[in-house]
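Here the protein sequences come in this chain order: A and B.
Going by the working numbering, the letters in the first sequence line up with residues 273 to 294, in that order.
Going by the working numbering, the letters in the second sequence line up with residues 167 to 294, in that order.
Even glycine gets a Cβ: it sits at the ideal position worked out from N, Cα and C.
The model shown is predicted, which means the values in this text are computed figures rather than measured ones.
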Amino acid sequence: HEGLVATVKEAGRSIHEIPREE
Amino acid sequence: RALGYVREFTRHSSDVLGNLNELRLRGILTDVTLLVGGQPLRAHKAVLIACSGFFYSIFRGRAGVGVDVLSLPGGPEAGGFAPLLDFMYTSRLRLSPATAPAVLAAATYLQMDHVVQACHRFIQASYE
Numbered sequence: 273h274e275g276l277v278a279t280v281k282e283a284g285r286s287i288h289e290i291p292r293e294e
Numbered sequence: 167r168a169l170g171y172v173r174e175f176t177r178h179s180s181d182v183l184g185n186l187n188e189l190r191l192r193g194i195l196t197d198v199t200l201l202v203g204g205q206p207l208r209a210h211k212a213v214l215i216a217c218s219g220f221f222y223s224i225f226r227g228r229a230g231v232g233v234d235v236l237s238l239p240g241g242p243e244a245g246g247f248a249p250l251l252d253f254m255y256t257s258r259l260r261l262s263p264a265t266a267p268a269v270l271a272a273a274t275y276l277q278m279d280h281v282v283q284a285c286h287r288f289i290q291a292s293y294e
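And the structure:
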C-alpha cells in the first residue's frame, strides 16, 4: 500500500561503546 | 508494498544508558555533585531529572541551571542514595533485607514512586 512503512528490528548494538575506565 | 523502512534498534536505550553510566563513572560531563552525609556523588542533571520527581522540581526551572552542589539528607536514608543512583544509570536496583529500608526511605524522598512500590513488595516478601 502507498505510504506503508515497514519496521525492521535490529538486534545488534546501536551506538559505539565508550571504553571502560582502566 | 512498503515505501520505506524504519529500522528499530531494539537495544538502543540500554546502549545509551550504558554509555551514560560510563560517562558518570569517568566524571565526563557530570554537572552536579550530590552530597550525602558529606560524601560526594557526581551525576548528570539530565539523568536525575528524568528519573526522580524530586530532582525534576529542583532542576526544571531556570534556577536549576545554577545548582551544582546539592545536599541530600544524611541519617538513616543516606545509605539508600547510592543504590538509587546506580539504578538510574543501569536499570538494576540492588536490594537486600539490610539495605531495603534505607533505599525505600531515599526513594520516597526522591519521589521515585515505582521504586518505592518495588521496595515495599521486597520488604513484604522478605517478611513472609
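Just the Cα atoms here: how many angstroms apart are residue i and residue j?
i             : j             : result
residue 281/B : residue 289/B : 12 Å
residue 170/B : residue 278/A : 6 Å
residue 232/B : residue 276/A : 47 Å
residue 234/B : residue 279/B : 25 Å
residue 207/B : residue 259/B : 17 Å
residue 291/B : residue 273/B : 18 Å
residue 194/B : residue 294/B : 44 Å
residue 201/B : residue 281/A : 42 Å
residue 236/B : residue 269/B : 19 Å
residue 172/B : residue 283/A : 13 Å
So is residue i in contact with chain A if we call contact Cβ pairs under 7 Å?
i             : result
residue 256/B : no
residue 172/B : yes
residue 187/B : no
residue 192/B : yes
residue 178/B : yes
residue 252/B : no
Helix or strand or just coil, what does DSSP make of residue i?
i             : result
residue 242/B : helix
residue 293/A : coil
residue 174/B : strand
residue 206/B : strand
residue 200/B : strand
residue 233/B : coil
residue 282/A : strand
Strictly below 7 Å CB to CB, what residues from chain A border residue i?
i             : result
residue 175/B : 282 and 286
Along chain A, in chain order, which residues have C-beta atoms closer than 8 Å to that of residue i?
i             : result
residue 181/B : 285, 286, 287 and 289
Pair every Cβ in the stretch 241-249 of chain B with every Cβ in the stretch 214-225 of chain B, then say whether three or more of these pairs are closer than 8 Å.
no
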